[in-house]
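These protein sequence lines map, in sequence, to chains A and B.
The numbering used here numbers the first residue of the first sequence as 1 and each following residue consecutively.
The numbering used here numbers the first residue of the second sequence as 1001 and each following residue consecutively.
We treat Cβ as the ideally placed atom computed from N, Cα and C, and that holds for glycine.
The structure displayed is predicted, hence computed values, not measured ones.
Data first, discussion second: the structure below is written as structure tokens.
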Amino acid sequence: MPIINVKDLSKIFGRNAKQATKYLDEGWSKDDILKKTGNTVGVNRATFAVEEGEVFVIMGLSGSGKSTLVRLLNRLIEPTEGSVEIEGQDLAKMNSHDLREIRRQKLSMVFQRFALFPHRTILENAEFGLEVQNIDKEKRKKKAQESLEMVGLGGYMNQFPGQLSGGMQQRVGLARALANDPEVLLMDEAFSALDPLIRKEMQDELLELQEKMKKTIIFITHDLDEALRIGDRIALMKDGRIVQIGSPEEILVNPANEYVEKFVEDVDRSKILNAEHIMKRPETVDIEKHGPRAALERMRKEGLSSIYVTDRKRTLHGYVTADDVSEAAKQEQKDLKSIMRTDVPKVTLQTSMNEIFDMIHDSPVPIAVVEDEKLQGIIVRGAVIAALAGGNEVNLNGSDS
Amino acid sequence: MGVIPKVPAAEWISSATEWITDTFGFLFDFIKNDFGDFIEIFAEDWLMSIPTWLFILVVVVTAFFITGKKFGLAAFSLVGLWFISNQELWEELMNTFTLVIFASIISVIIGVPFGIWMSKSRIVETILTPILDFMQTMPAFVYLIPAVAFFSIGMVPGVFASVIFATPPTVRFTNLGIRQVSKELIEASDAFGTTGRQKLLKVQLPMAKKTIMAGINQTVMLALSMVVIASMIGAKGLGQTVITGLQRAEVGTGFVAGLGIVILAIIIDRFTQNLNTHKGENA
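What follows is the structure in structure tokens.
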């Protein structure tokens, strides 16, 4: 039996939200409803179930409704319609006393910007969830200490949050959530505010902790790489609607629609892009036609320190460097053959970015893309970096509102 | 203009005040007598029984420690207080101090709960804001009139008028401070299942503390600024000396007493500010 069962859960912001739900039933889009009624659709009839011990990732871009959805799960935001069952109890219909008990016992939340209490020490922060349950002082201190030690912050108990780095602050956030020993951990973009390196470290640590704890985790993120890394299953959201739910493989291999496809396309550019995508048109000199002077002239014009040598059929012979060429020109040589070098770094059109990245690192000249002995293009270092950087950008940076 | 006769607004207010005086007379009498006695005892039997040198010493030492063991405020307090006692204004100073203390404490006791209430409800905020504006912009002298009607003359009406004039900043800043607590912290608090009371005591008030203290500082300063005005209805203290100076056209007398008020103001201000910034926690 799933630990969390969400059925037709909707949130519509604005006046007369109840009335607008009928448009959802009629299948209107978010934009049309906004135009017609002035109401914003936060979440549009989300339905899913989370199994015990599962890491369930909800991912989507800014404004896709994922942050709203997670807040509907512990009713920080009142649902307009639908039900959220936790171990069979419907949260949406609960009175405030029962809701409070559920929040204290079963659900803990970790926030994007940590949301630590700045006036409390690390220990007092970790104790917070236990303190509001009026658990006695010694006991809660012990539990909070254990929790802090678990996330590796045993030595910082008496510091204040402001004295800690972002990564450490989020560990406190995690410890605070774990101290309650909740059944379900809600993590709202928990690592998004951290540096990429720290983020990775935290992901690893979360997975490691999960090995031991076997909690049910609902993890919100806008970063597909993160989702693929930590999720047992992933729900993709767009415009308040869940577009696809599946294991990472399913999502990657069998995208439900164009939107998902586009999304996963950008997973890791270095694995998908190849030489063909980033090469540019090469400047060349003709081995039969051009001598050192012509080569020098062309290199000067294009601002190059080396140039590839081909014949009329674009068959690649080698390259010459500016130093050699100018030396040859001084000595009035007529031919490029004697100074041409043939240790050309070559790749094919299908060579992946990863390999190119390794090669270009210690290559003195641009990499030649060769197909059937013919020079198709060259790859310069800047293009590789730009392509990788572009990849990160499509990784959907920027926080959700 | 002649169509509508003059609206007897003044008469209405007068009769309303009279009605209040008659109806709640027993209460006012009780406050006037018992509370008045208490103030008198506090000022004359307690404060003035402390030897001047001891009082100064305590203030100076406290100043030294709350400013983080710096000498500035301590030195200023020493010289300032010595000067006041040298001018034989010590009794007046103690009376003024009493007035300020009582007015401030009552203002805070009234102001903080109202501020909390205001922060909880938009409706309350909408209603209270113009009232607070009214209380602060109405010329302070005007409060003396009902104060005398209710409590006749002396310290008590002085405290009353000061409270009306000095309460608004505490209310406003308490409201502001609580509303300024970031949404995410409120969410965090809710997510862990706090009751409204726990949220207020464990998150909102501690987070709003600095802002509330700034409001209280303002309140104390406003109460102090009422000292001269209150002495027009017989509140004892430095203000009375200023008024005497004014009536007799003695520039020197008035000025020296005024200086005393300034010295007291600076000391109180720095004390309350330092209490506020004392704790070294980073936001």
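query, result
"Cα-Cα separation between B/L1299 and B/I1066, rounded to whole angstroms", "Here chain B comprises residues numbered 1001 to 1283, so residue 1299 of chain B is not present and cannot be evaluated."
"Option in A/A322, A/P364 and A/P282 with minimal Cα separation from A/T310", "A/P282"
"Minimum Cβ-Cβ distance from B/L1275 to chain A less than 9 Å", "no"
"Beta-carbon proximity list for A/S108, same chain, < 6 Å, skipping 5 on both sides", "A177, N180, P182 and L185"
"Rounded straight-line distance, which links the Cα of B/V1227 to that of A/A126", "48 Å"
"Secondary structure of A/S399, DSSP reduced to three states", "With a pLDDT of 33 at A/S399, under the threshold of 50, the modelled position of this residue cannot be trusted; read the value that follows with caution. It is coil, neither helix nor strand."
"Nearest-angstrom Cα separation, counted from B/K1183 out to A/R381", "46 Å"
"For A/S147, three-class secondary structure by DSSP", "helix"
"Test: B/A1191 CB closer than 9 Å to a CB of chain A", "yes"
"Below-9 Å beta-carbon distance, B/S1119 vs any chain A residue", "no"
"Whole-angstrom distance between A/Y259 and A/A329, CA atom to CA atom", "58 Å"
"Helix, strand or coil at B/G1023 according to DSSP, with G and I counted as helix", "What sits at residue 1023 of chain B in the sequence shown is Thr, not Gly. If DSSP states are grouped into helix, strand and coil, B/T1023 belongs with the helices."
"Where B/P1008 meets chain A, residues with beta-carbon distance less than 9 Å", "Those do not exist, as B/P1008 stays about 45 Å from chain A at its closest Cβ, beyond 9 Å."
"Between the CA atoms of A/Q244 and A/R199 - distance to the nearest angstrom", "25 Å"
"According to DSSP, residues forming a beta bridge with A/I86", "A/I4 and A/Q89"
"Exposure of B/E1092, with buried meaning 16 or more beta-carbon neighbours within 10 Å", "buried"
"Segment limits, beta strand (DSSP E) that includes A/T47", "T40 to V50"
"A/L9 and A/A46 closer than 9 Å at C-beta", "yes"
"Residue from A/S326, A/L148 and A/H317 with nearest C-alpha to A/L482", "This structure cannot speak to residue 482 of chain A, because chain A is shown only from 1 to 401."
"Whole-number beta carbon distance between B/V1108 and B/T1219, since they are thought to touch under 8 Å", "7 Å"
"Contact residues within the segment 225 to 243 of chain A, judged by C-beta distance below 8 Å to chain B", "none"
"Alpha-carbon spacing of A/N392 relative to A/E87, whole angstroms", "Confidence is the limiting factor: at A/N392 the pLDDT is only 37, short of 50, which leaves the residue's position unreliable, though a coordinate-based value still follows. Each residue's Cα considered, the two are about 39 Å apart."
"Cβ shell of B/W1019 (< 6 Å), same chain only, five flanking positions each side left out", "none"
"Chain B contact for A/V380 (CB, 9 Å cutoff)", "no"
"beta-carbon A/A179 near the ligand MG non-hydrogen atom, thresh 8 Å", "Summarising the ligand content, the structure contains no ligands, and the ligand MG is consequently not present."
"For A/M59: DSSP bridge partner residues", "A/T221 and A/L236"
"Reduced DSSP secondary structure (H/G/I, E/B, other) of A/N74", "coil"
"Helix, strand or coil at B/E1281 [DSSP, three-state]", "With a pLDDT of 42 at B/E1281, under the threshold of 50, the predicted position of this residue should be treated as unreliable, and no value is reported."
"Complete runs of the beta strand (DSSP E) confined to the segment 265 to 335 of chain A [at least 3 residues]", "284 to 286, 306 to 310 and 316 to 321"
"Beta-carbon gap between B/V1156 and B/K1236 smaller than 9 Å", "no"
"Proximal residues to A/T348 (C-beta, below 8 Å), its chain only, five neighbours per side dropped", "A275, V369, V370 and E371"
"Sequence-distant residues of the same chain with beta carbon closer than 6 Å to A/E81, five excluded per side", "S10 and T21"
"Residues near A/R298 in its chain [Cβ-Cβ closer than 7 Å; skip 5 each side]", "E283, V285 and I307"
"Where B/T1000 meets chain A, residues with beta-carbon distance less than 7 Å", "The question about residue 1000 of chain B has no answer, for chain B in this structure spans 1001 to 1283."
"Segment contact flag, the segment 1172 to 1191 of chain B with the segment 1149 to 1163 of chain B, C-beta cutoff 8 Å, min 3 pairs", "no"
"Selection from A/K214, A/T216 and A/L228 that minimises the alpha carbon distance to A/Q203", "A/L228"
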